[in-house]
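Asks: Add 376 to the 1-based position in the sequence shown for our numbering, that's all there is to it. We put the CB at the ideal spot given by N, CA and C, even for glycine. First, the structure itself, so that you have it in front of you.
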Amino acid sequence: MTFSEFGRRVKENGSLGTDHGAASSMFVVRPKGHNSGKSGLVGKHPSLADLDNEGDLKHHTDFRSVYASILDNWLRVDSASVLGKKWNKVECV
Numbered sequence: 377m378t379f380s381e382f383g384r385r386v387k388e389n390g391s392l393g394t395d396h397g398a399a400s401s402m403f404v405v406r407p408k409g410h411n412s413g414k415s416g417l418v419g420k421h422p423s424l425a426d427l428d429n430e431g432d433l434k435h436h437t438d439f440r441s442v443y444a445s446i447l448d449n450w451l452r453v454d455s456a457s458v459l460g461k462k463w464n465k466v467e468c469v
């Protein structure tokens, strides 16, 4: 699994760059034939026309849901004890 909290804003700033944003990407790779869930993309690509109040992309999956899925399903560790509460699991992880 790889995850970066380093998202980017859609709109460029005064120096023609982009500032830190909220949404980012996460990749989870598992062995072929792994028995939980389906392979493929989760969710839809965020819309560039539908931004949050800060001008950031709207995310659709909370990273803690993915963490909970990996902790419970792959590592067999109680995710609530690690994350402080129960999170909905991601179906394909």
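(1) Per DSSP, which residues does residue 436 bridge with? Please list them.
(2) Would a C-beta distance cut-off of 8 Å place residue 380 and residue 400 closer than the cut-off?
(3) Pick from 450, 454, 442, 455: whose alpha carbon is nearest that of residue 407?
(4) Could you spell out the range, first to last residue, of the alpha helix (DSSP H) harbouring residue 458?
(5) Given that a residue counts as buried once 16 or more other Cβ atoms are within 10 Å of its Cβ, and exposed if not, what is residue 465?
(6) Identify which residue in 445, 402, 384 has its Cα closest to the Cα of residue 378.
Replies: So, to answer that:
(1) Residue 436 pairs with nothing; no bridge assigned.
(2) yes
(3) 450
(4) 455–459
(5) buried
(6) 402
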